[in-house]
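In the numbering used here, the protein residues as written are -13 to 78.
Structure representation (structure tokens):
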């Protein structure tokens, strides 16, 4: 079962990562799906990875900004931790 899932996942990734979006729309139209649905699926395959990357970057930035407050540390402890992570030549 696991090998079947891995095989399908790999083939799905290989086909859709190498296929042009125009070809994807045309192939979905060939199977009889409406143009608007074919276009929506093609756009989703194009923009879901970039939206995921933007979300991950924003989430990481939020964690860096507010990480110390979530754990109950004060602002002084957060500044001390940041100073200790800098090389000695950059410390004030």
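Ideal Cβ placement from N, Cα and C applies to all residues, glycine included.
**Message:** Report the CB separation of residue 14 from residue 34 in whole angstroms; it is logged as a contact under 8 Å.
**Reply:** Going by Cβ atoms, the distance from residue 14 to residue 34 rounds to 16 Å, so no, they are not a contact pair.
**Prompt:** What is the C-beta distance between residue 50 and residue 32, in whole angstroms, given that I count them as a contact (C-beta under 8 Å)?
**Reply:** Not quite, the Cβ-Cβ distance comes to about 29 Å (not below 8 Å), so this is no contact.
**Item:** residue 6 in three-state terms, based on DSSP
**Value:** Residue 6: coil per DSSP, three-state reduction.
**Asked** With burial defined as no fewer than 16 other Cβ atoms inside 10 Å of the residue's Cβ, what is the status of residue 24: buried or exposed?
**Response** The residue in question, residue 24, is buried, as its Cβ has 16 or more Cβ neighbours within 10 Å.
**Request:** Give the DSSP-derived three-state secondary structure of residue 13 in the structure shown.
**Result:** Assignment of residue 13 by DSSP, reduced to helix, strand and coil, places it in the helix class.
**Prompt:** Does DSSP put residue 18 in a helix, in a strand, or in coil?
**Reply:** DSSP, read as helix, strand or coil, puts residue 18 in coil.
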